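First up is the structure itself, then whatever we jot down about it.
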Amino acid sequence: MNSPTPCTIWLAHRLFFGIKKPEQMEVILNSQKCLAKDDLYRFSKPLGGNGLFSLDVKMWKVHRKLIAPSFNQRLLDQFVDIFVEQSNILTNKIFSKKVGKFFNVDEYITAAALEMVTQTAMGIKTNNQESNCELAEQLNRGLDIMFMRMFNVLLHSDFLFHLTSFAKEERIIINSFQGFIRKVIADKRAAFKKKEQEMKECVEAQIDEVKERKVFLDHLMELSQNQQFTDQEIIEEVQTFMIAGSDTSATVVSFVLICLGMFPEYQQLVYEEILEVVGLDRDIECTDIAKFKYLEKFIKETMRLFPIGPNIVRKITEDLELDGHILPKDSGLVLAIFSIHRNDKYYPNHMKFDPERFSPEETAKRHPYAFLPFSAGPRNCVGIKFGMSVVKTIVATVTRKYFIETTFKTIEDVRVKQSLIIKSCLGYPIKLTELYSIVKVRSVFLDLGFMNTLLIGFGVLLVIWYFRWRQSRKHLYEAAAKVPVSGCVTELPFLGHSLYFIGDTEQILKNVNHISSNSTTPCTIWLAHRLFFPLSKPEQMEVVLNSPKCLAKDDLYRFSQALAGYGLFNMNVDTWKIHRKLIMPSFNQRLLDQFVDVFVEQSNILTNKVLSKKVGKFFNVEEYITAAALEMVTQTAMGIKTNNQESNCELAEQLNRGLDIMFMRMFNVLLHSDVLFNLTSWAKEERTIINSFQGFIRMVITDKRADFKKKELEMKECVEAQIDEFKERKVFLDHLMELSQNQQLTDQEIIEEVQTFMIAGSDTSATVVSFVLICLGMFPEYQQLVYEEILEVVGLDRDIECTDIAKLKYLEKFIKETMRLFPIGPNIVRKVTEDLELDGHILPKDSGLVLAIFSIHRNEKYYPNPMKFDPERFSPEETAKRHPYAYLPFSAGPRNCVGIKFGMSVVKTIVATVTRKYFIETTFKTIEDVRVKQSLIIKSCLGFPIKVTERVGS
Numbered sequence: 001m002n003s004p005t006p007c008t009i010w011l012a013h014r015l016f017f018g019i020k021k022p023e024q025m026e027v028i029l030n031s032q033k034c035l036a037k038d039d040l041y042r043f044s045k046p047l048g049g050n051g052l053f054s055l056d057v058k059m060w061k062v063h064r065k066l067i068a069p070s071f072n073q074r075l076l077d078q079f080v081d082i083f084v085e086q087s088n089i090l091t092n093k094i095f096s097k098k099v100g101k102f103f104n105v106d107e108y109i110t111a112a113a114l115e116m117v118t119q120t121a122m123g124i125k126t127n128n129q130e131s132n133c134e135l136a137e138q139l140n141r142g143l144d145i146m147f148m149r150m151f152n153v154l155l156h157s158d159f160l161f162h163l164t165s166f167a168k169e170e171r172i173i174i175n176s177f178q179g180f181i182r183k184v185i186a187d188k189r190a191a192f193k194k195k196e197q198e199m200k201e202c203v204e205a206q207i208d209e210v211k212e213r214k215v216f217l218d219h220l221m222e223l224s225q226n227q228q229f230t231d232q233e234i235i236e237e238v239q240t241f242m243i244a245g246s247d248t249s250a251t252v253v254s255f256v257l258i259c260l261g262m263f264p265e266y267q268q269l270v271y272e273e274i275l276e277v278v279g280l281d282r283d284i285e286c287t288d289i290a291k292f293k294y295l296e297k298f299i300k301e302t303m304r305l306f307p308i309g310p311n312i313v314r315k316i317t318e319d320l321e322l323d324g325h326i327l328p329k330d331s332g333l334v335l336a337i338f339s340i341h342r343n344d345k346y347y348p349n350h351m352k353f354d355p356e357r358f359s360p361e362e363t364a365k366r367h368p369y370a371f372l373p374f375s376a377g378p379r380n381c382v383g384i385k386f387g388m389s390v391v392k393t394i395v396a397t398v399t400r401k402y403f404i405e406t407t408f409k410t411i412e413d414v415r416v417k418q419s420l421i422i423k424s425c426l427g428y429p430i431k432l433t434e435l436y437s438i439v440k441v442r443s444v445f446l447d448l449g450f451m452n453t454l455l456i457g458f459g460v461l462l463v464i465w466y467f468r469w470r471q472s473r474k475h476l477y478e479a480a481a482k483v484p485v486s487g488c489v490t491e492l493p494f495l496g497h498s499l500y501f502i503g504d505t506e507q508i509l510k511n512v513n514h515i516s517s518n519s520t521t522p523c524t525i526w527l528a529h530r531l532f533f534p535l536s537k538p539e540q541m542e543v544v545l546n547s548p549k550c551l552a553k554d555d556l557y558r559f560s561q562a563l564a565g566y567g568l569f570n571m572n573v574d575t576w577k578i579h580r581k582l583i584m585p586s587f588n589q590r591l592l593d594q595f596v597d598v599f600v601e602q603s604n605i606l607t608n609k610v611l612s613k614k615v616g617k618f619f620n621v622e623e624y625i626t627a628a629a630l631e632m633v634t635q636t637a638m639g640i641k642t643n644n645q646e647s648n649c650e651l652a653e654q655l656n657r658g659l660d661i662m663f664m665r666m667f668n669v670l671l672h673s674d675v676l677f678n679l680t681s682w683a684k685e686e687r688t689i690i691n692s693f694q695g696f697i698r699m700v701i702t703d704k705r706a707d708f709k710k711k712e713l714e715m716k717e718c719v720e721a722q723i724d725e726f727k728e729r730k731v732f733l734d735h736l737m738e739l740s741q742n743q744q745l746t747d748q749e750i751i752e753e754v755q756t757f758m759i760a761g762s763d764t765s766a767t768v769v770s771f772v773l774i775c776l777g778m779f780p781e782y783q784q785l786v787y788e789e790i791l792e793v794v795g796l797d798r799d800i801e802c803t804d805i806a807k808l809k810y811l812e813k814f815i816k817e818t819m820r821l822f823p824i825g826p827n828i829v830r831k832v833t834e835d836l837e838l839d840g841h842i843l844p845k846d847s848g849l850v851l852a853i854f855s856i857h858r859n860e861k862y863y864p865n866p867m868k869f870d871p872e873r874f875s876p877e878e879t880a881k882r883h884p885y886a887y888l889p890f891s892a893g894p895r896n897c898v899g900i901k902f903g904m905s906v907v908k909t910i911v912a913t914v915t916r917k918y919f920i921e922t923t924f925k926t927i928e929d930v931r932v933k934q935s936l937i938i939k940s941c942l943g944f945p946i947k948v949t950e951r952v953g954s
């Protein structure tokens, strides 16, 4: 950015010149001396084909002239119905399953774009979006290998590359891809001959019946018949078109969607234009594409900040004079498009997102080569119009149906990298909300506007009720007046401090942490009419968590009862005491040891079958860990296999969706009302999920009960010596059913305890494992120590055994340090059931206590240099120096987590199995990079991106 231009750069023996002026770009991109692509691009040829993108100049000129007619506007218009069809599948079938939760949109957009390109390039359907298409998976993996080789100098050598397993894998993918294209060509050729024969036999009036839409491959095959293209050239041009067309379009769409999420005011303008041009119901037509003027400005501003080719490299084939300098033959030119696009000289306040930069008036003020999203000059992208049509169609279709949000707040948050094209380091996290739902909720409130008379009468009654209600709560106001008010937040009439707890769950967690870290403790916080006291001292935690006056969970947790059941986690104190005593024997060490083989089996499936398909590329690991943890919990809770990991299990999808609805309701005040919630489609969806979940548990209970009776009968008929044959491992449900036989638990109580165990056990364990894996990736020096301990305890080959779990001492310290920084319950809320004296203050009955565990865990007083990751904080010597309640990852006291040992065994087994086989990397560089939010438990706002590389000798 601060170097002169051109400037000299040496990469070992190779000379490059950095170029970052539009005037210089214009000279270079139009010069016959700079048409050649740099040698770096040769690594794209095996997968991407030696087509227009990478051909030498002489052949490129011939091919470009022949191929350009395939991209005329008349032919492109015929493809719009394909773009629309696939956009509708993406929007109505794929995204409808993702509503209400954050997910990485890139993989779904890529599948849609690949299907569009396959149909327009080859004229066949592969159903990439609706089936787990092998073609899509192969091409994605092939691109990963290509990018990896480009940016790994050791693999530039063909000799070294062919010694690796990547070379063999790449050959398999290329042979499969080219074989697929060859088969289509053979089929097309046979069809051509058949049609030629039919046309000869047709009278002139019937010829139109034989005509069909001509795709890219048809055009190439006509050229082949004229001997202008060989079959191999056809194959490679189709390779180029499919790879370039799908990956670039999908990446642009993904960036556009996160920008729409970051800037809702512009999203609204885009939405209004779409309604004006297309309306709510009809499909987009080819004539609509050009009318999306504001959408085009939005896309261009996105591509200014995230140009698809941030830096392109040309080779000088003859000495070139540029601004008084002679740039010699065989040197390279690095055209710094990214730098120009983010330069204040051409784009004032360049990090501000403003689509109006691309109004005709503003565009006219800039040099035409100050915006180069698709390169420029004679060797620019041949598919510009095709790509823009794909992008506009997908974005318009999605935006018309959904309101889009993202976890990114500013352009600066979107960290980018260059593979062959630009990519987001942290993926493309978005959340979709169906616009119909928003309109429907609004309409309920608008209808109230027609009931003025009734509202006035209701208002009078409400005022009378309010004063009586306030009088009944006099003890709360009197007690609150004697406790200091937080000095770092402002209290408003009626609302209290509620505005600090409205918004997304990341901001809520930040605000709770800010208040608890910068206020006296306890201090007073009002959420409208509700009184809370944040606590952030270990000594206070010890008093509260062990007091019988504070055993009750806060009312906020009632929203978890529908899905998670009315079990140990959220039941009232009297019932909880009975159930805890009955259930505790299910979690003794002897029984837990019997489950380790289940943990090991599922960890091996995760490591050897699931993650093996992800080697070498960054991906969000959480969904795969969740599937593994859910299978472990299902087998240990109910004694049945559901194969969550190896099949697209409906149970896993339903529970994940149910949790999304639960969290959404907890943090949306409007949905706290049962009346309003039951008016939404989410209530119906939640009921369907709960009925299915409980029905599944009932079915298992019925089967278990029948088995019990059968075995009892068989055992009565057996001699004593044969009794051992009937002994089996006892799971959680077996224990509950024994209690049911003694009439200590009802069937409904069994169902709800199993619900609680399955939900709590799988989601918490999976989240802890996910955080541990990204911390291993951030700190490779500690990862090496963890790996060495695993080899020392378990070795390279044998499975983990129950006796190994306790021996993984360093791993346990690493897990504890991860849970210090990312405690599974960052803030827990208890209800005061009788007046409680704490540090000279009376905290009144019916108030709430916010136990700020997150704040304590990151407090310099208890953990010096708290943002430094250091597992040695949990050595016996360091632990002894701290107050025991300065570390509360699973809560504490009589109502602590009943499954602590179970959870730690799951976490240790998964992490040890994965780390033994793979070296782990992540896109996060520091703890501060990991932005967190609190739903019911802590989560990463940006997912859990990791890359796994198989260890040598594993």
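Residue 1 is where the sequence shown starts when you use UniProt numbering, and the numbers rise one by one after that.
Glycine is no exception: its CB is placed at the ideal position from the N, C-alpha and C atoms.
Computed from a predicted model, the values in this text were never measured in an experiment.
- DSSP places Cys286 outside any beta strand (DSSP E); the residue lies instead in the alpha helix (DSSP H), whose first and last residues are 286-289.
- Fully enclosed beta strand (DSSP E) runs of no fewer than 3 residues occupy 525-527, 530-535 of the region 475-536, in order along the chain.
- When the alpha-carbon of Leu76 is set against those of Val390, Met638, Lys549, Pro6, the nearest one is in Val390.
- Annotation: the continuous beta strand (DSSP E) that includes His841 extends over 841-843.
- Separation of Thr393 and Leu90 (C-alpha to C-alpha, rounded to the nearest whole angstrom) is 11 angstroms.
- About 4 angstroms separates the beta carbon of Val117 from that of Gly245, a gap short enough to meet the 8 angstroms contact definition.
- Contact between Gly51 and Gln239 holds: their C-beta atoms lie close to 6 angstroms from each other, under 8 angstroms.
- Taking every protein chain shown into account, the CB of Asp187 has fewer than 16 other CB atoms within 10 angstroms, so this residue is exposed.
- No residue range can be given for Gln645, since it is assigned to no beta strand (DSSP E) and is classified by DSSP as neither H nor E.
- Taking the Cα positions, Glu237 is about 50 angstroms away from Thr634.
- In this structure, Phe919 keeps its C-beta atom at 8 angstroms or more from the C-beta atom of Gly761.
- Taking C-alpha positions only, Phe732 is separated from Ser740 by approximately 13 angstroms.
- Listed in chain order, the non-local C-beta contacts of Phe874 below 7 angstroms within the same chain comprise Lys813, Lys816, Glu817, local neighbours out to five positions each way being set aside.
- Residue environment analysis places Asn152 among the exposed positions, since fewer than 16 neighbouring C-beta atoms fall within 10 angstroms of its C-beta.
- In the pairwise beta carbon analysis, the region 212-222 is classified as not touching the region 19-38: fewer than three pairs are separated by under 8 angstroms.
- Look at the beta carbons and you see the region 596-607 touching the region 898-915: at least three pairs across the two are nearer than 8 angstroms.
- If you draw a straight line from the Cα of Ala167 to the Cα of Gln418, it is about 22 angstroms long.
- Here Arg171 is exposed. Its C-beta has fewer than 16 other C-beta atoms within 10 Å.
- Burial is judged here by how many other beta carbons sit within 10 angstroms of a residue's own beta carbon; Met242 has at least 16 and is buried.
- Annotation: the continuous alpha helix (DSSP H) that includes Lys577 extends over 573-583.
- About 5 angstroms separates the beta carbons of Glu752 and Gly567, which is inside the 8 angstroms limit, making them a contact pair.
- Here Gly49 is buried: its Cβ has 16 or more other Cβ atoms, across all protein chains shown, within 10 Å.
- When the five nearest sequence neighbours on each side are left out, the beta carbons in the same chain lying within less than 6 angstroms of the beta carbon of Arg830 are those of Cys550, Leu849, in order along the chain.
- Looking at the backbone, the Cα of Phe757 and that of Val544 are separated by about 25 angstroms.
- Check the Cα spacing between Lys329 and each of Glu272, Glu318, Ile337, Leu335: the tightest is with Glu318.
- Along the length of the region 302-341, whole alpha helix (DSSP H) runs at least 4 residues long occupy 337-341, reported in chain order.
- A Cβ-Cβ distance of about 13 angstroms is found for the pair Pro871 and Tyr787, leaving them out of contact under the 8 angstroms criterion.
- Close CB contacts of Ser3 within its chain, under the 7 angstroms cut and outside five residues either way in sequence, are with Gly18 (chain order).
- Between the region 508-524 and the region 841-860 there are three or more inter-stretch CB-CB distances shorter than 8 angstroms, so the stretches are counted as touching.
- Residue pairing from DSSP places Cys7 in a beta bridge opposite Gly18.
- The Cβ atoms of Phe216 and Thr120 sit closer than 8 angstroms to each other.
- Between the region 376-383 and the region 26-34, the count of Cβ pairs shorter than 8 angstroms is three or higher; the stretches touch.
- Distance from the CA atom of Ile828 to the CA atom of Phe298, rounded to whole angstroms, is 42 angstroms.
- Burial check for Ala706: the Cβ neighbour count within 10 Å stays below 16, so the residue is exposed.
- Under the three-pair Cβ rule at 8 angstroms, the region 576-593 does not count as touching the region 764-782.
- Per DSSP, reduced to three states, the secondary structure at Pro373 is strand.
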